[in-house]
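Numbering (UniProt numbering), first residue to last: 1 to 937. Beta carbons: idealized from backbone N, C-alpha and C, even for Gly. Predicted model only: the values in this text are computed from it and were never measured. Below: the structure, in structure tokens.
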């Protein structure tokens, strides 16, 4: 049979009592442009489905690519119409009501084929229409900020497609026997959320008289900042230098990048309509609540346990839930986490502890509410106040999982045992049948009531909801229907870095809160070793080189004569300091972690440079010196290296440069000058004046910068690259520095053995290391892991304003992320730790090794500095005092849980804790006193 439409003639086919018109084009799609009117000549054979919108789908074989190109495409704007009986040919018959389906699928997947036309209509008399629209990047990626005014609409191409489809249906449905005044538009999930945006458009008042919205409202409308941030993430993942390259990107690559974009626990929120000021007004929230918004008959509702399968399918759901909330909600995740914390505190105030099951159920409820239920109940009330007749429901039957009401009623989901555990098949079938009849009655009559259900009144007549459960009943719709602390947009991010707020510790760190992050990627050492850039032989080779240079160092520095040129630090017990700290943190030795032995590794007293940097910094200078000497023929490996003192003039022809906040500059500068090099240290604004003065007194050239550590390094590297005889010590990428630090573990093993302190699986060793760019603590951790393997547990310490390694590792970005990217200042009293961006070398090698990272407020550095002097008579600089925070982190709730999970709790009384003091002995007396007299809030 043929039907004349405004686009041309369409010919369908009759099958099993229904006329099928499939794949009718309602508009034409050009990439990133609004839909255009489409006309065809002759008769359009509407006997096969149109292409689905471009979307990700599994390809099981190479020949699937051919199938994909036939099934999916950018030219996807088509719809399917199903007409019962011979309605189009019988003009005397009453025009039929129309139900138009907008499919769901997170704005990324799905098509008009998701629902069977025959199964929808069955023995009823209404016309069913299903629509395809553009999805994902092609339908909802906002390019207005990146590409300008011409592309401001791009975040709503899918919305414009839907409007074009509804307009075509309104113009043509009567030709198919439909009643244009009785059109119901319905959808579930993203389909319902699409409707939430469409209702804001003035033309919707003429395009439909009824809506039915399941598990979705208006929540996915996002502002331009959020939409632009999502686009920035896409460009970053694509490695695009010019955003306009997306205009010509082939479909395969476009999809690959989209798959990476949505590869997170919040993938359902990456796309959605945009308040762009063109398609959706900026003041959409006011319009939604005002008289200009669409009104009519509506069924609105959702399921009791929308997110239940997040819980049931994840055995570690409770621990993953905070990250899931971050991925789903962006900056709103803090509200959810706060609400969960309030729930825990409420139970604790009653002297009760939540079980893991109770925690999981609460997280499930919060995720279900804020993803769906909150907005469905809000919309129902808003629409009712605006004059709509709204019937509200809650699906509580079976698992009550996402969109289960429509899935059971229309798609046969009632047959799936996992969705209805323990419920007899006949009971499920009956419930699905009742829901189907109710919804179809609404399509046909504008009222869902019939003899098979209790009286269901709209909210304007009674504040009651229908509950799909056994028995089916109505009950009051109260304010307690769902949690209600969220803003109107469910997903909000301010920039591309905000995506990392999905990680709770990143969110805390970005807010400059004290944070304790545990590394989820840590591996047993026999596995971790395979992923490392260095071997034990590399570390032993570094130790041998250090020993070869010992005679030379003893000749250069009088303070090394007693140690025969070996630069090493004492390992000292600090019982009074430990007891003071344990007492502060409520450690009684009875519950939780028991007090172990606490020692301090006094790298603050290392000769020559007075800090841990004497290890890596001096080693790198020595390695360069050896290479130059070998090449010039003035030294052999078997020689007495003290002879190098005779070649100062030779080395004066070379320059060694480094960028530093202070301590690395001291070690490189002092050692380089002692050998005879022209030494240049590029120092950031954070560097203390006394360190600059000390370097200059040693004949070192100091260049000062107003910027941070990153600027000093970049400028120093650039200047060094211009000189053929200059060598730049790169703290961020130097394997030589790393190995110099790693060699410390070999001497520590000897010191522990001399003290009779065992380190093994029954006698764990905990080591706490202050971290700047990460080279020193990373190298030491590498060495410790090779020496003590799984018996050692290493933690880094960072200031709250400079948690660069925490951010780099937790976000998985390494050196690609800086603290400034997330709004932190990068400023701290601990000048040696004032680093904005971590070493990629350190972050990569620490991924399988490091146990965790904690951050510390500046005030604690000074408090612990004073306390150490009072209890043990030891003075070290503030940055070194960051290490003491490790004891507190481990003694806390999260640290105790970590020890319990690792089987360390019962061994804690036999544990040894080493606080690694990284610097301070070279501080002038007046500087020490200044620190000791400073009190921060």
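Collapsing the DSSP output to three states places residue 764 in coil. Checking the DSSP bridge columns, you'll see residue 11 partnered with 2, 45. The beta carbon of residue 343 sits closer than 7 Å to those of 362, all from its chain and outside the five residues before and after it, given in chain order. Fully contained in the segment 564 to 621 are the following beta strand (DSSP E) runs of length 3 or more, in chain order: 571 to 573, 597 to 602. Here residue 695 is actually not in contact with residue 740; their C-beta atoms are around 20 Å apart, not less than 8 Å. With a cutoff of 8 Å on beta-carbon distance, residue 608 and residue 675 are scored as not near each other.
In this structure, residue 124 and residue 112 do not form a Cβ contact; the two beta carbons are roughly 19 Å apart against a cut-off of 8 Å. Nearest Cα to residue 279 within the set 232, 164, 214: 164.
Per DSSP, the continuous alpha helix (DSSP H) segment holding residue 865 begins and ends at 858 to 872. For residue 400 and residue 228, the gap between their C-alpha atoms comes out near 35 Å. Remark: C-beta atoms of residue 890 and residue 849 do not approach each other more closely than 8 Å. The segment 400 to 420 and the segment 288 to 308 touch, with no fewer than 3 CB-CB distances between them shorter than 8 Å.
DSSP places residue 137 in the helix class (H, G or I) of the three-state scheme. Of all alpha-carbon atoms in 495, 930, 764, the one lying nearest the alpha-carbon of residue 145 is that of 495. Contiguous alpha helix (DSSP H) elements confined to the segment 182 to 250 occur at 190 to 198, 204 to 207, 224 to 238, taking only those with 4 or more residues. In this structure the segment 823 to 836 lies against the segment 794 to 802, because at least three pairs of beta carbons, one per stretch, are closer than 8 Å.
Residue pairing by DSSP puts residue 302 in a beta bridge opposite 394.
The Cβ atoms of residue 600 and residue 767 lie no closer than 8 Å to each other. Rounded to whole angstroms, the Cβ separation of residue 777 and residue 640 is 34 Å, and the two are not in contact under 8 Å. If you draw a straight line from the Cα of residue 875 to the Cα of residue 897, it comes to about 33 Å. With contacts defined as CB atoms closer than 8 Å, residue 396 and residue 484 fail to qualify as a contacting pair.
In the DSSP assignment, residue 770 forms a beta bridge with 797.
DSSP places residue 545 outside any beta strand (DSSP E); the residue lies instead in the alpha helix (DSSP H), whose first and last residues are 536 to 556. In this chain, the beta strand (DSSP E) harbouring residue 518 covers 516 to 518. A distance of 8 Å or more separates the beta carbons of residue 661 and residue 680. Between the beta-carbon of residue 126 and that of residue 96 there is about 5 Å, and that keeps the pair under the 8 Å contact cut.
In this model, residue 438 and residue 500 are separated by some 44 Å (Cα to Cα). In the displayed model, residue 445 falls within a helix according to three-state DSSP. Under the DSSP assignment, residue 917 falls in the beta strand (DSSP E) whose first and last residues are 912 to 917.
By the neighbour-count definition (other C-beta atoms within 10 Å, threshold 16), residue 736 is a buried residue. Here residue 187 is buried. Its C-beta has 16 or more other C-beta atoms within 10 Å. For secondary structure counted as the alpha helix (DSSP H) over 4 or more consecutive residues, the segment 304 to 359 holds these complete runs in sequence order: 308 to 312, 317 to 329, 333 to 349.
Selection 380, 879, 517 evaluated against residue 463 yields 380 as nearest (Cα-Cα). DSSP places residue 747 inside the alpha helix (DSSP H), whose first and last residues are 744 to 754.
In terms of Cβ geometry, residue 790 and residue 761 form a close pair [threshold 8 Å]. DSSP, read as helix, strand or coil, puts residue 274 in strand.
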